[in-house]
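> Chains A and B, in that order, give the protein sequences. Note that our numbering numbers the first sequence so that position 251 is 806, with each residue one more than the last. Note that our numbering numbers the second sequence so that position 128 is 576, with each residue one more than the last. Let me begin by handing over the structure; questions about it come next.
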Amino acid sequence: MLRSSEPMTLSSARIELSDDTAVAEFFLQHGWTDGLPIVAPTPQLVSAFVSAVGLEPAEVLGQIPEQNRSITVEKLAVNAVMAGCRPEYMSLLVATVRALTRTPFNLHSTTVSGATAPLLIVSGPVVTTVGLNSGFSVFGPGHHANATIGRAVRLLLQNVCGGLPGLIDKSTLGHPGKFSYCIAESQLHNPWAPAHSDRGVAAAGSAVTVFSGEAPIFARNDWAEAPEPILATIADAMLPSHFTGGGVVVVLGPLHAAAMARSGMSKADVRQSLFQRARRSLSDLRSAGRVSGEPQADDDTTYRTVVPAADDILVVVAGGHLYGYSAVVPSWVGGHESLAVTEGLDEEELARCVIEPPTPTAQEVS
Amino acid sequence: MTTHVTVLDPTETGARSSSTELVLPPADLNGVRLGLLDNGKPNSDRFLSLLAERFSADDAVLSRTLRKPSIGRLAPVPLVEELVEACDLVVTGVGDCAGCCSCSVQDGIAVERRGVPTVVIVTTEFLTTARIASTAAGVPDYPFTVIDHPLGSLTPSQLAQRADVAMAQIRARLAAR
Numbered sequence: 556m557l558r559s560s561e562p563m564t565l566s567s568a569r570i571e572l573s574d575d576t577a578v579a580e581f582f583l584q585h586g587w588t589d590g591l592p593i594v595a596p597t598p599q600l601v602s603a604f605v606s607a608v609g610l611e612p613a614e615v616l617g618q619i620p621e622q623n624r625s626i627t628v629e630k631l632a633v634n635a636v637m638a639g640c641r642p643e644y645m646s647l648l649v650a651t652v653r654a655l656t657r658t659p660f661n662l663h664s665t666t667v668s669g670a671t672a673p674l675l676i677v678s679g680p681v682v683t684t685v686g687l688n689s690g691f692s693v694f695g696p697g698h699h700a701n702a703t704i705g706r707a708v709r710l711l712l713q714n715v716c717g718g719l720p721g722l723i724d725k726s727t728l729g730h731p732g733k734f735s736y737c738i739a740e741s742q743l744h745n746p747w748a749p750a751h752s753d754r755g756v757a758a759a760g761s762a763v764t765v766f767s768g769e770a771p772i773f774a775r776n777d778w779a780e781a782p783e784p785i786l787a788t789i790a791d792a793m794l795p796s797h798f799t800g801g802g803v804v805v806v807l808g809p810l811h812a813a814a815m816a817r818s819g820m821s822k823a824d825v826r827q828s829l830f831q832r833a834r835r836s837l838s839d840l841r842s843a844g845r846v847s848g849e850p851q852a853d854d855d856t857t858y859r860t861v862v863p864a865a866d867d868i869l870v871v872v873a874g875g876h877l878y879g880y881s882a883v884v885p886s887w888v889g890g891h892e893s894l895a896v897t898e899g900l901d902e903e904e905l906a907r908c909v910i911e912p913p914t915p916t917a918q919e920v921s
Numbered sequence: 449m450t451t452h453v454t455v456l457d458p459t460e461t462g463a464r465s466s467s468t469e470l471v472l473p474p475a476d477l478n479g480v481r482l483g484l485l486d487n488g489k490p491n492s493d494r495f496l497s498l499l500a501e502r503f504s505a506d507d508a509v510l511s512r513t514l515r516k517p518s519i520g521r522l523a524p525v526p527l528v529e530e531l532v533e534a535c536d537l538v539v540t541g542v543g544d545c546a547g548c549c550s551c552s553v554q555d556g557i558a559v560e561r562r563g564v565p566t567v568v569i570v571t572t573e574f575l576t577t578a579r580i581a582s583t584a585a586g587v588p589d590y591p592f593t594v595i596d597h598p599l600g601s602l603t604p605s606q607l608a609q610r611a612d613v614a615m616a617q618i619r620a621r622l623a624a625r
């Protein structure tokens, strides 16, 4: 039970309502939720969430210049409370907001335009200390940390970053990940160094990577022992990408990752192999109008890869270890205008992201 | 059951407390140096060029045609400053998507803040987005020039028609100043 913390100056407007039912209805009517019930963001709860990161409520974590908006610790805390988070998730959310508001991510355009949501990929020891699921049903429900951290980002995008569905966010289709889109990399099944170590954070550290992702496309190959047919299957699933530059996320299921590691492939080998396979001929691209100009004689033998370079393929290992599945997450249609950003957690942040005792995950319970 | 609950507003509107004053546009286009800031959306360049022809018919002089390096981001400051230096009236657009529209609005208001009047072109479907963006920039009543959505798939003759509609709105705005 949270105790009412020390008096804290919170600047958000206060709203007085009769009871919790009235709160739920008021927030729904104002378009402040994702459509699901929320936890009422009382000043007491918000204060406790702000205290959990040891920062001032007014501290600005990031800015959106295109909207003349800032994201403060307080607004993050209000939305995290609403999402049902625990206060121990706050430091991870602070790092996530830092990542989202770095210029290369292009938070403004990816929030209001096109069918993507920021996919959060958490890696390193924080996955365990905060109770994130990296195993069975990694994109699915059933895990408090994944569900509520992803949801906190969603509510923040709606309430602070201009992503109000239908009003400003006029995405044609949206996707289910726009409710919550938070996965963790498996430490148990990853045969290689963690994902963040490919992206500038020390291998022993913890990090969150944000990637503006469409819905995952699954690549099933349950029949192959050797890596080649599996890589061909995954490369097929990469083809619906937009061919506009930028990156692509490949979540290797544990069985697929093991098949590759067994054959001696490094993660760089995997990237290189996918890069060589995931390509379309110019004639294919031209038939869909993806490239302009007159057809050329060598269109059938000239190829374009889904991303500009092998290193633009972000390889993560996650998921259950019983079936041969991987997943591809294509990027935002703007391609090179939004890049994945990785943000490390410092020692203090890591120390704050500890749930004690550890919450048993559904798979441990069963 | 709680009988009384205090909760906090989760939103941040970004609205400026101080408003930005718009610069009075010229009453007469004769000799006015025109600047175009193309946001890079498909057909924006063609539309703006057709619009410039109509400005020329009213004796304005096309001084700069610049294209933003990125559709969904603000125009770099040097680009804005070049337009302000070389032009008496700047047209930005076309805001026909949520990401680009907010940015073209902010670009126009950045030019206004430096003392040069602007025309911001948006499509009907994104007028709400444009209004939210201009409110955030301190100009809640910005006089947008609005053309029918869509833009990207139009033929040359349809584009010319849209340019006529836009020019009629601009002439009416100048006459009413």
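C-beta atoms are modelled at their ideal positions from N, C-alpha and C, and glycine is treated no differently.
Excluding five sequence neighbours on each side, which residues of the same chain lie with their C-beta closer than 7 Å to the C-beta of S582 (chain B)?
Within the second sequence, residue 582 (chain B) is the residue found at index 134, counting from 1. Correct list, in chain order: V553, I557, P588, Y590.
> Determine whether the Cβ of C551 (chain B) lies closer than 9 Å to any Cβ atom of chain A.
Position 103 of the second sequence, counting from 1, holds the residue named residue 551 (chain B). Chain A contact via Cβ: present.
> Output yes if chain B places a C-beta closer than 9 Å to the C-beta of Q622 (chain A); else output no.
Here residue 622 (chain A) refers to the residue found at position 67 of the first sequence. At least one chain B Cβ lies under 9 Å of Q622 (chain A).
> Along the chain, where does the alpha helix (DSSP H) containing L712 (chain A) start, and where does it finish?
Here residue 712 (chain A) refers to the residue found at position 157 when the first sequence is read from its first residue. Residues 699-715.
> For the putative contact between G609 (chain A) and A762 (chain A), defined by C-beta atoms under 8 Å, what is the C-beta separation to the nearest angstrom?
Taking the first sequence and counting its residues from 1, the one referred to as residue 609 (chain A) is at position 54. Taking the first sequence and counting its residues from 1, the one referred to as residue 762 (chain A) is at position 207. That belief does not hold up - the Cβ atoms of G609 (chain A) and A762 (chain A) are roughly 20 Å apart, past 8 Å.
> Going by beta carbon distance, what residues of the same chain come within less than 6 Å of H751 (chain A), once the five residues before and after it are set aside?
On the first sequence, position 196 is the one that residue 751 (chain A) refers to. For H751 (chain A), where only same-chain residues beyond five positions count, the Cβ hits under 6 Å are S678, A762, T897.
> Grab the span of the beta strand (DSSP E) containing R657 (chain A) for me, first residue to last.
By one-based count along the first sequence, residue 657 (chain A) stands at place 102. Looking at the DSSP string, R657 (chain A) is not in any beta strand (DSSP E), and its letter there is neither H nor E.
> Use the C-beta contact count for R558 (chain A): other C-beta atoms within 10 angstroms, 16 or more gives buried, fewer gives exposed.
For the purposes of this step, residue 558 (chain A) is taken as residue 3 along the first sequence, with counting starting at 1. Residue confidence is low: R558 (chain A) scores 47 on pLDDT, short of 50, so the model does not pin down where it sits. Its coordinate-derived value is still stated next. Exposed, by the Cβ-count rule.
> Measuring straight from C-alpha to C-alpha, what distance separates L710 (chain A) and A635 (chain A)?
Counting from 1 along the first sequence, the entry for residue 710 (chain A) is found at position 155. Counting from 1 along the first sequence, the entry for residue 635 (chain A) is found at position 80. Whole-angstrom Cα-Cα distance: 8 Å.
> Excluding the 5 residues flanking K518 (chain B) on each side, which residues of the same chain have their C-beta closer than 8 Å to its C-beta?
For the purposes of this step, residue 518 (chain B) is taken as residue 70 along the second sequence, with counting starting at 1. It should be noted that the sequence gives Ser, not Lys, for residue 518 (chain B). Correct list, in chain order: G488.
> Just the C-alpha distance for L719 (chain A) and V685 (chain A), rounded to the nearest angstrom, thanks.
As a first step, residue 719 (chain A) must be located in the first sequence, where it is residue number 164. As a first step, residue 685 (chain A) must be located in the first sequence, where it is residue number 130. When rounded, the distance between both Cα atoms is 29 Å.
> Quick one, are the C-beta atoms of I738 (chain A) and L837 (chain A) less than 9 Å apart?
One-based indexing of the first sequence puts residue 738 (chain A) at position 183. One-based indexing of the first sequence puts residue 837 (chain A) at position 282. No, these two residues do not count as a Cβ contact at 9 Å.
> Starting from the beta carbon of I580 (chain B), find every residue of chain A whose beta carbon is closer than 7 Å, and list them in chain order.
Position 132 of the second sequence, counted from the first residue, corresponds to residue 580 (chain B). What I580 (chain B) touches in chain A: I723.
> Given that H744 (chain A) touches chain B, what residues does it touch there, using C-beta distances under 7 Å?
Within the first sequence, residue 744 (chain A) is the residue found at index 189, counting from 1. Those within 7 Å of H744 (chain A) in chain B number zero; the least Cβ separation is about 37 Å.
> Look at the alpha carbon of K630 (chain A) and the alpha carbon of L477 (chain B), and state the distance between them as a whole number of angstroms.
Locating residue 630 (chain A) in the first sequence gives position 75, where the first residue counts as 1. Locating residue 477 (chain B) in the second sequence gives position 29, where the first residue counts as 1. Cα-Cα distance, rounded: 47 Å.
> Would you tell me roughly how many angstroms separate the C-alpha atoms of A748 (chain A) and K733 (chain A), rounded to the nearest one?
The residue you call residue 748 (chain A) lines up with position 193 of the first sequence. The residue you call residue 733 (chain A) lines up with position 178 of the first sequence. Going from the Cα of A748 (chain A) to the Cα of K733 (chain A) covers about 29 Å.
> If you count every other CB in all the chains shown that lies within 10 Å of the CB of R834 (chain A), and 16 or more means buried, which is it?
The count along the first sequence starts at 1 and reaches residue 834 (chain A) at position 279. Classification of R834 (chain A): buried, given that the 10 Å Cβ count is 16 or more.
> Assess contact between the region 660-676 of chain A and the region 768-778 of chain A, defined as three or more Cβ pairs (one per stretch) separated by less than 8 Å. Is contact present?
The region 660-676 of chain A vs the region 768-778 of chain A: in contact.
> Find out if the Cβ-Cβ distance for the pair L840 (chain A), M793 (chain A) is shorter than 9 Å.
As a first step, residue 840 (chain A) is located in the first sequence; it is residue number 285 there, counting from the start. As a first step, residue 793 (chain A) is located in the first sequence; it is residue number 238 there, counting from the start. It is not a contact, given that the beta carbons lie outside the stated cut-off.
> So the candidates are B:V455, B:G547, B:V539, B:L499; which of them puts its Cα closest to the Cα of P604 (chain B)?
Here residue 604 (chain B) corresponds to residue number 156 of the second sequence, with the count starting at 1. For P604 (chain B), the nearest C-alpha among the options comes from B:L499.
> Going along the chain, which residues of its own chain have a beta-carbon closer than 8 Å to the beta-carbon of G547 (chain B), five neighbours each way excluded?
One-based indexing of the second sequence puts residue 547 (chain B) at position 99. Closer than 8 Å at the Cβ level, and outside the excluded window around G547 (chain B), lie I519, G520.
> Mapping the DSSP letters down to three states, classify P673 (chain A) as helix, strand or coil.
Residue 673 (chain A) sits at position 118 when you count from the first residue of the first sequence. Residue state, collapsed to three classes: strand.
> Can you check which of these residues, A:W887, A:D855, A:P596, is closest to V862 (chain A) by C-alpha distance?
Position 307 of the first sequence, counted from the first residue, corresponds to residue 862 (chain A). Cα-wise, what sits closest to V862 (chain A) is A:W887.
> Establish whether the CB of I619 (chain A) and some CB of chain B are separated by less than 9 Å.
For the purposes of this step, residue 619 (chain A) is identified with residue 64 of the first sequence, where counting begins at 1. It does: the Cβ of I619 (chain A) has a partner Cβ on chain B nearer than 9 Å.
> What are the residues in the region 606-617 of chain A lying within 7 Å of chain B by C-beta distance?
For the region 606-617 of chain A, which is checked against every Cβ of chain B, not one residue is closer than 7 Å.
> Pick helix, strand or coil for F773 (chain A), following the three-state DSSP scheme.
As a working note, residue 773 (chain A) is residue 218 in the first sequence. Strand at F773 (chain A).
> Does DSSP put I557 (chain B) in a helix, in a strand, or in coil?
Counted from its first residue, the second sequence places residue 557 (chain B) at position 109. Looking at I557 (chain B) - three-state DSSP - the assignment turns out to be helix.
> Please list, in chain order, all residues of the same chain as M615 (chain B) whose beta carbon is under 6 Å from its beta carbon, the five residues on each side excluded.
Stepping through the second sequence from its first residue, residue 615 (chain B) is reached at position 167. Here the set comprises R502.
> According to DSSP, is G690 (chain A) helix, strand or coil?
Here residue 690 (chain A) refers to the residue found at position 135 when the first sequence is read from its first residue. If DSSP states are grouped into helix, strand and coil, G690 (chain A) belongs with coil.
> Report the rounded CA-to-CA distance for S504 (chain B) versus L510 (chain B), giving the unit in angstroms.
Stepping through the second sequence from its first residue, residue 504 (chain B) is reached at position 56. Stepping through the second sequence from its first residue, residue 510 (chain B) is reached at position 62. Approximately 7 Å, taken between the alpha carbons.
> If you measure beta-carbon to beta-carbon, which residues of the region 521-537 of chain B are closer than 7 Å to chain A?
Answer set for the region 521-537 of chain B: R521, L522.
> According to DSSP, is G768 (chain A) helix, strand or coil?
As a position in the first sequence, residue 768 (chain A) is number 213, starting the count at 1. It is a strand residue.
> From the DSSP output, in three-state form, read off S752 (chain A) for me.
The residue you call residue 752 (chain A) lines up with position 197 of the first sequence. Helix at S752 (chain A).
> Thinking C-alpha only, which one of A:L572, A:E740, A:S893 is nearest F694 (chain A)?
As a first step, residue 694 (chain A) must be located in the first sequence, where it is residue number 139. Closest option to F694 (chain A), Cα to Cα, is A:E740.
> Cβ of N661 (chain A) less than 9 Å from any chain B Cβ?
In the first sequence, counting from the first residue as 1, residue 661 (chain A) sits at position 106. Output row for N661 (chain A): interface = yes.
> Compute the Euclidean distance between the alpha carbons of A779 (chain A) and R817 (chain A), then round it to the nearest angstrom.
In the first sequence, the residue the question calls residue 779 (chain A) occupies position 224. In the first sequence, the residue the question calls residue 817 (chain A) occupies position 262. Each residue's alpha carbon lies about 13 Å from the other.
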